[in-house]
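Chains as they are written, first to last, in the working numbering: chain E, 151 to 440; chain S, 151 to 440; chain X, 151 to 440; chain F, 151 to 440.
There are 4 protein chains.
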Amino acid sequence: MQLGLVGLGRMGGNMRERLRAAGQEVVGYDRNADRSDVTSLAELADKLQSPRAVWVMVPAAVTDATIDALAEVLGEGDIIIDGGNSRFSDDAPRAERLAARGIGYVDVGVSGGVWGNVNGYALMVGGAQEHVDHLMPIFEALKPAGDHGFVHAGPVGAGHYAKMVHNGIEYGLMHAYAEGFELLSAAEMVTNVPGIIKSWREGTVVQSWLLDLLDRALDEDPDLATLTGYTDDTGEGRWTVDEAIRLAVPLNVITAALFARFSSRQDDSPAMKAVAALRQQFGGHAVHKR
Amino acid sequence: MQLGLVGLGRMGGNMRERLRAAGQEVVGYDRNADRSDVTSLAELADKLQSPRAVWVMVPAAVTDATIDALAEVLGEGDIIIDGGNSRFSDDAPRAERLAARGIGYVDVGVSGGVWGNVNGYALMVGGAQEHVDHLMPIFEALKPAGDHGFVHAGPVGAGHYAKMVHNGIEYGLMHAYAEGFELLSAAEMVTNVPGIIKSWREGTVVQSWLLDLLDRALDEDPDLATLTGYTDDTGEGRWTVDEAIRLAVPLNVITAALFARFSSRQDDSPAMKAVAALRQQFGGHAVHKR
Amino acid sequence: MQLGLVGLGRMGGNMRERLRAAGQEVVGYDRNADRSDVTSLAELADKLQSPRAVWVMVPAAVTDATIDALAEVLGEGDIIIDGGNSRFSDDAPRAERLAARGIGYVDVGVSGGVWGNVNGYALMVGGAQEHVDHLMPIFEALKPAGDHGFVHAGPVGAGHYAKMVHNGIEYGLMHAYAEGFELLSAAEMVTNVPGIIKSWREGTVVQSWLLDLLDRALDEDPDLATLTGYTDDTGEGRWTVDEAIRLAVPLNVITAALFARFSSRQDDSPAMKAVAALRQQFGGHAVHKR
Amino acid sequence: MQLGLVGLGRMGGNMRERLRAAGQEVVGYDRNADRSDVTSLAELADKLQSPRAVWVMVPAAVTDATIDALAEVLGEGDIIIDGGNSRFSDDAPRAERLAARGIGYVDVGVSGGVWGNVNGYALMVGGAQEHVDHLMPIFEALKPAGDHGFVHAGPVGAGHYAKMVHNGIEYGLMHAYAEGFELLSAAEMVTNVPGIIKSWREGTVVQSWLLDLLDRALDEDPDLATLTGYTDDTGEGRWTVDEAIRLAVPLNVITAALFARFSSRQDDSPAMKAVAALRQQFGGHAVHKR
Chain E
151 MQLGLVGLGR MGGNMRERLR AAGQEVVGYD RNADRSDVTS LAELADKLQS
201 PRAVWVMVPA AVTDATIDAL AEVLGEGDII IDGGNSRFSD DAPRAERLAA
251 RGIGYVDVGV SGGVWGNVNG YALMVGGAQE HVDHLMPIFE ALKPAGDHGF
301 VHAGPVGAGH YAKMVHNGIE YGLMHAYAEG FELLSAAEMV TNVPGIIKSW
351 REGTVVQSWL LDLLDRALDE DPDLATLTGY TDDTGEGRWT VDEAIRLAVP
401 LNVITAALFA RFSSRQDDSP AMKAVAALRQ QFGGHAVHKR
Chain S
151 MQLGLVGLGR MGGNMRERLR AAGQEVVGYD RNADRSDVTS LAELADKLQS
201 PRAVWVMVPA AVTDATIDAL AEVLGEGDII IDGGNSRFSD DAPRAERLAA
251 RGIGYVDVGV SGGVWGNVNG YALMVGGAQE HVDHLMPIFE ALKPAGDHGF
301 VHAGPVGAGH YAKMVHNGIE YGLMHAYAEG FELLSAAEMV TNVPGIIKSW
351 REGTVVQSWL LDLLDRALDE DPDLATLTGY TDDTGEGRWT VDEAIRLAVP
401 LNVITAALFA RFSSRQDDSP AMKAVAALRQ QFGGHAVHKR
Chain X
151 MQLGLVGLGR MGGNMRERLR AAGQEVVGYD RNADRSDVTS LAELADKLQS
201 PRAVWVMVPA AVTDATIDAL AEVLGEGDII IDGGNSRFSD DAPRAERLAA
251 RGIGYVDVGV SGGVWGNVNG YALMVGGAQE HVDHLMPIFE ALKPAGDHGF
301 VHAGPVGAGH YAKMVHNGIE YGLMHAYAEG FELLSAAEMV TNVPGIIKSW
351 REGTVVQSWL LDLLDRALDE DPDLATLTGY TDDTGEGRWT VDEAIRLAVP
401 LNVITAALFA RFSSRQDDSP AMKAVAALRQ QFGGHAVHKR
Chain F
151 MQLGLVGLGR MGGNMRERLR AAGQEVVGYD RNADRSDVTS LAELADKLQS
201 PRAVWVMVPA AVTDATIDAL AEVLGEGDII IDGGNSRFSD DAPRAERLAA
251 RGIGYVDVGV SGGVWGNVNG YALMVGGAQE HVDHLMPIFE ALKPAGDHGF
301 VHAGPVGAGH YAKMVHNGIE YGLMHAYAEG FELLSAAEMV TNVPGIIKSW
351 REGTVVQSWL LDLLDRALDE DPDLATLTGY TDDTGEGRWT VDEAIRLAVP
401 LNVITAALFA RFSSRQDDSP AMKAVAALRQ QFGGHAVHKR
């Protein structure tokens, strides 16, 4: 099947490769002419037969502009797929705008990161059944080889929603391992922290792909001595907690993992300065002066 | 190699089977004569050649009594292995008591639960290098077939310590998935929660054995409608947090998971009754009367 | 000074009383004719001399509609004050709409609840300096008698922002006392929980007005036996956490207090059902069936 | 009434002063001869008439040694009072040791810090009714002037238990204010953080003695610019969480406050280094290298 693919960065470029390897016909467009198969969105539209399907894989900040530009060169019966890290609440407004032109919209949460080209990309899809059915050859080509890695999660927005929750869970999982690593590292009697982590990769309740990666990281740097703990967050964690608050779902674990990232970026905590000030006031406790 | 095995319940019985299948010679003792190979600890000692190795696999509450009884029938150069869920801080005192009689002591944290007989048991071992070396044929027979699943974590106590931290991490992992499951279940637009969970089993960052089990549980009962949320805890989670407090390690995620279990067992929370009372006092907010 | 006051419910009615007792001239309007001094907003506007000041004290859900209706009968140089529980982010849009008509806007976070009529209302004010200066006689009449209880927190929105944070702190304070109450109640050796709470009212680090109220509640019902722990939340707590997420401020304590309210309203927790299901799968742990 | 007082440091010295001002007869002993009224514990015992009461006010680390030394010079019918920051679980063993000599034991949790000499000391008392009754003149002299500030909390240990929970609550309260302070400080629209804190001292739900102290600290240093957030903890917070774990009481707020202190003392967090390592592994996310 034919697919237009807009955005050929690390993710988009790898996806074009995987799709072509699976026998799909991809016309790619990127602002960077070196990567691009065509010189403009108009040319991309021309090269595809109706009904066209165009997958957008660009940074979240320019997704809406890209979709709107695409809408100008597409028409009735075509479908736009957003595979980027959009917030789920952006999906319904887009679908409405496009529906006014007769263009379909499907949102896809994509997991797999730098490993996706080899292992396949896990796909969480939101949209109308007919659109999803039509795009199945593309999804089949991108997804991992096994029985899993694809889901039609619900109507428009549900794909990005599922991906958001996936990432929220990821925050919690990573932090659970991280806390265990820190506790082992602090324990006087434990002499072989990387060995313990490695041993857990088989036969334990905590075995997982993330654990494999932690072992890999410790193989490269047993004390993680080359790293600092400064850690960014990329939106999905915050959106997950925002949703928990909206829906009154207690999300203590995932929220604690998110807050720990916030703390990791603070040189000094205003809150703890206030605590220090209070202790000095009521108890004459020593404080650390600058 | 020969091994005495005391305690032939679910875990011990399966381990005897796995050891024998691997060609090891096991003499098992259990209070329940139907399972037991011998009628007493004395007979068990008689059937083993010096230096003897005896693995204790009994409930934590009777481990010390069992070890002390064993010490009466063993002697200089023998080794006792505790594979049960002992608290790591019990190990050093035991090792000292036994050392006074010339008996060695090795502690092993065992993971694998009901799946261990098939997949092998992950082993985290604490003890002297010479004892561990001597016991390697037993460890090889019990551990999973792959490259992982065994570690010599440090001196006496380190095996149970590693297992304790493993279980603490397990609390955090389970709760991260659980929170994601609840959020998906609460979201209006998500129509296929079990399908999403299943899809995550390949190609995602959150793939793990626990996720496979969650999928399996949802296959049996898609809404978990037959269960209540009442959840026990078995000690290791509490010990993990106790250690975090002792060592001043911030353990927000694992502790939140532990506290959620405590909450799950409360019919009504005294703390929230106090909050309700305060809101009524200062704001005239409506309360729910019994 | 003259003040129009729209909304004469529990809060608004008490405020009219306090203002009049302080010698201010209040013209009140309420949809309920029994409480109202005038029959319409138009009549209210007529009774006030320019430049008019009208304080809106209505439920958040109807605040915008009320302000827009007021704008129709007010004019250049008049000031509208919102003393309700609006979200701070609603203030700037309102101020812009009103500025287009030459009408000023001031937001006031009001604390004091059912006690305000006696003790005075704490006022957190956002708006232009000139508007705040003009309204000082009203603020003076409403605020408590002492040196505190009034602040000009910043430009439009800052009043409601300060009130929002006040309420977020309130969540944390209440829950800290509540947890202590629960722990004392669980301790075997403590025989006099209400007596301990009462004793803390003087000479301790934890003395506060909220503690006084908890003591009062325990005087009425020593075990809080007539209450359930089901506890609502009224928006400000959620907004506080939303802001923490937006600004990357780790807010572990206040968020834990908010999530505890969410939990208090669940009959059974889907998350804990997932945990129970996982424990059953991997360990054969007993679950509680419905 | 007569009282022996052992330990005349900041707390003990102030207490001697307050007791004498109230007309009680105090014989004080301190290792520092400059402060001491007598040269030895034996001389202290000699100067008191039977039945003697001796209050021990020394650092927790030397409390047991001090009590045991005192027991050598006291006798049948005398009472030892421990007013230091002992862990409640130390009280019952002490009481038993002393009971074997016919000496009574009473534990007192004392709050008030550097303010106690002026305001009085809040006293939480554990012990037998007859001992407490006998000591009432001392308690009356030390406690604040009002109706509160004294409680007989239960049998031996209950006094220190109540004080421990008091301090746990204190952790939560301080951190709730601290988080609010940080959020206000981060908010773009808030221009007057110290003014807001000050204003809350009257008419609000969050008014308290701790808030007064925070205002006082901000008067001295509006941005807390002279302080760092490095904050110690002194045992009671940890014991409170230990108890919560033992009794299965979910203590999310107080524990979060304790963990925040732990974090404040870390230059870099091993846990966050593990999170950074994982993000680098699966997503190629940038890390901060040392």
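For every residue, glycine included, the Cβ atom is placed at its ideal position computed from N, Cα and C.
Here MET314/F is actually not in contact with VAL425/E; their C-beta atoms are around 19 angstroms apart, not less than 8 angstroms. For GLU280/F, the closest C-alpha among the options GLY233/F, ALA219/F, ILE229/F and GLY159/F is that of ILE229/F. Annotation: LYS313/E has no Cβ neighbours in chain F at a cutoff of 8 angstroms; minimum Cβ distance is about 13 angstroms. In this structure, ALA195/X lies near VAL223/X, with their beta-carbon atoms less than 8 angstroms apart. Taking a C-beta distance under 8 angstroms as the contact criterion, ALA406/X and ASN402/E qualify as a contact pair.
Separation of ASP257/X and MET161/E (C-alpha to C-alpha, rounded to the nearest whole angstrom) is 48 angstroms. In chain order, GLN152 place their CB closer than 6 angstroms to the CB of GLU175/F, counting only its own chain and leaving out the 5 sequence neighbours on each side. For ASN182/S, the number of other beta carbons within 10 angstroms of its own is below 16, and it is reported as exposed. Boundaries cannot be given for PHE238/S, as no beta strand (DSSP E) includes it and DSSP labels it neither H nor E. Between ALA291/E and VAL301/E, the CB-CB gap reaches or exceeds 8 angstroms. Sorting VAL340/F, THR341/F and HIS316/F by C-alpha distance to the C-alpha of PHE331/X places HIS316/F at the top.
Your pair ALA221/E and GLY254/E does not check out as a contact, with CB atoms roughly 11 angstroms apart and the cut at 8 angstroms. Chain-ordered listing is empty here: chain F has no CB closer than 9 angstroms to the CB of GLN279/X, the nearest sitting near 11 angstroms. Spanning the alpha carbons of VAL343/E and THR381/F requires a straight line of approximately 28 angstroms.
The beta carbon of MET274/E sits closer than 6 angstroms to those of GLY259, VAL301, ALA303, GLY309, ALA312 and LYS313, all from its chain and outside the five residues before and after it, given in chain order. Against chain S, a Cβ distance below 7 angstroms from GLU329/X picks out ALA421.
Taking 8 angstroms as the cut-off, the beta carbon of ILE217/F is found closer than this to the beta carbon of ARG244/F. Against chain X, the CB of HIS435/S has a partner CB under 8 angstroms away; the residue lies at that interface. Put simply, the backbone Cα of SER335/X is about 20 angstroms away from that of GLY322/X. At the C-beta level, LEU363/E and PHE432/F come within 8 angstroms of one another. Assignment of beta-bridge partners to SER261/S by DSSP yields ALA272/S. Secondary structure within the stretch 264-323 of chain S: the alpha helix (DSSP H) runs of 4 or more consecutive residues, fully enclosed, are 266-269 and 279-292 (chain order). Against chain F, the CB of THR405/S has a partner CB under 8 angstroms away; the residue lies at that interface. Of all residues in the stretch 332-343 of chain S, the ones placed with a Cβ closer than 8 angstroms to any Cβ belonging to chain E are GLU332, LEU333, LEU334, ALA336, ALA337, MET339, VAL340, THR341 and ASN342, in chain order.
Closest in C-alpha terms to GLY299/E, from the list ILE319/S, SER349/S and ALA250/S, comes SER349/S. Annotation for GLU175/F: the continuous beta strand (DSSP E) segment containing it runs 175-179. The criterion of a C-beta distance shorter than 8 angstroms is satisfied by LEU333/F and THR390/X. C-alpha of TRP265/E to C-alpha of LEU198/E: approximately 29 angstroms in a straight line. Short of 6 angstroms from the beta carbon of THR189/S, and not among the five residues preceding or following it, lies no beta carbon of its own chain. For ARG351/X, the residues of chain F that pass the 7 angstroms Cβ criterion are HIS298, in the order they occur in the chain. ILE253/X is not bridged by DSSP to any residue. With respect to the C-alpha of TYR327/X, the residue from VAL208/X, VAL306/X, ALA211/X and TRP359/X having the closest C-alpha is TRP359/X.
Per DSSP, reduced to three states, the secondary structure at TRP205/E is strand.
Taking 8 angstroms as the upper bound for CB-CB distance, GLY307/S and MET339/E are in contact here, some 5 angstroms apart. Listed along chain F are ILE395, each with a C-beta nearer than 7 angstroms to that of VAL391/S.
Taken atom to atom, the span from the alpha-carbon of ALA427/S to that of VAL356/F is near 16 angstroms.
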